[in-house]
Amino acid sequence: MANPQILVVEDEEKLRKLVATYLRREQFQVLEAADGEEGVELFESHPVDLVILDIMMPGYDGWTVCRRIRETSQAPIILLTARSEENDKLFGFELGADDYVTKPFSVKELMARTKSLLKRSGIKPEEKGYEVEGLTVDTARHQVAVEGEAVDLTPKEYELLLVFLKNMNHALGRETILNQVWGYDYYGDLRTVDTHVKRLRQKLGAAGSMIHTVRGVGYMFEVENP
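Numbered as in my numbering, the sequence shown ends at 274 without a single skipped number.
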């Protein structure tokens, strides 16, 4: 079964691309619409499991798109908007929305809400494993091995490794890594990242050499054939 497909309807391109990037890192398929009309067209022409929908858009606004979707589907809808008034939230729920996130928001929180709604709908992403240059990660069983030998990682070391694998050959800043592994509300400093990277490299042995330090930026998990 294919991974769940999420439709992101947001006219602010930078925000839409950011949300889409995080969704893909979580192994979702993503459709992007820059306005309400395109959102309705994509929803009607593709199988969609959940919709992340901005309210304030030119042309078809989010209310209109929500109504159109609810005419034919009960796919979960998360409203995404700068509005925070209680009446707007109540109106959204009356139209059939399932959740409401107010800008500015934590992308990590949006991912959590997306997964929660999909889980309640009985839909979940397929587990994805990795096998690169002697390193094997079974994400279904949370097992890691190098050249067939099991590697015992702490939960944070395992999460750190997954962040690297999901972003192969892309440099990641220390702050980005800190946010993705420890969360936006973590009050530790960036040295936490350095300490965990050092331990992860040691535990991975030869495979640890794929984790490169990028001067002035952070780290990159570099492989020739990802």
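A virtual CB, placed ideally from N, CA and C, is assigned to each residue, including glycine.
Candidates the options: closest to residue i by CA position
i: residue 270; options: 228, 216, 245; result: 216
i: residue 105; options: 92, 95, 149, 87; result: 87
i: residue 249; options: 268, 59, 264; result: 268
i: residue 146; options: 135, 157, 168, 153; result: 168
i: residue 265; options: 225, 164, 272; result: 225
i: residue 116; options: 85, 138, 136; result: 85
i: residue 214; options: 180, 237, 164; result: 180
i: residue 163; options: 100, 178, 259, 63; result: 100
i: residue 64; options: 153, 190, 223, 160; result: 153
i: residue 89; options: 166, 73, 112; result: 112
Other residues of its chain near residue i: CB distance less than 7 Å, five sequence neighbours each side excluded
i: residue 45; result: Lying before the first or after the last residue shown, residue 45 is absent from the chain, which here runs from 49 to 274.
i: residue 228; result: 211
i: residue 102; result: 57, 58, 59, 110, 128, 129
i: residue 190; result: 206
Under 9 Å between C-beta atoms of residue i and residue j
i: residue 97; j: residue 123; result: yes
i: residue 125; j: residue 144; result: yes
i: residue 209; j: residue 220; result: no
i: residue 185; j: residue 67; result: no
i: residue 240; j: residue 230; result: yes
i: residue 141; j: residue 121; result: no
i: residue 196; j: residue 255; result: no
i: residue 207; j: residue 247; result: no
i: residue 138; j: residue 149; result: no
Neighbourhood of residue i by C-beta distance below 8 Å, restricted to the same chain and skipping five residues each side
i: residue 61; result: 82
i: residue 272; result: 181
i: residue 260; result: 267, 268, 269, 270
i: residue 114; result: 101, 125, 127, 140, 143, 144, 145
i: residue 94; result: 53, 55, 79
i: residue 161; result: 126, 147, 149
Per DSSP, the bridge partner or partners of residue i
i: residue 264; result: In DSSP, residue 264 forms no bridge with anything.
i: residue 56; result: 80, 100
i: residue 221; result: 266
i: residue 186; result: 191
i: residue 68; result: DSSP output for residue 68 lists no bridge partner at all.
i: residue 198; result: 193
i: residue 179; result: 184
Sequence-distant residues of the same chain with beta carbon closer than 6 Å to residue i, five excluded per side
i: residue 257; result: none
i: residue 263; result: none
i: residue 54; result: 71, 76, 78, 98
i: residue 49; result: Residue placement at residue 49 cannot be trusted, given a pLDDT of 44 that sits under 50; what the coordinates show is reported in the next sentence. None.
i: residue 222; result: 238, 241, 266
i: residue 178; result: 185, 213
Where are the alpha helix (DSSP H) runs, 4 residues long or more, that stay fully inside the stretch 94 to 153, in chain order?
110 to 118, 134 to 143
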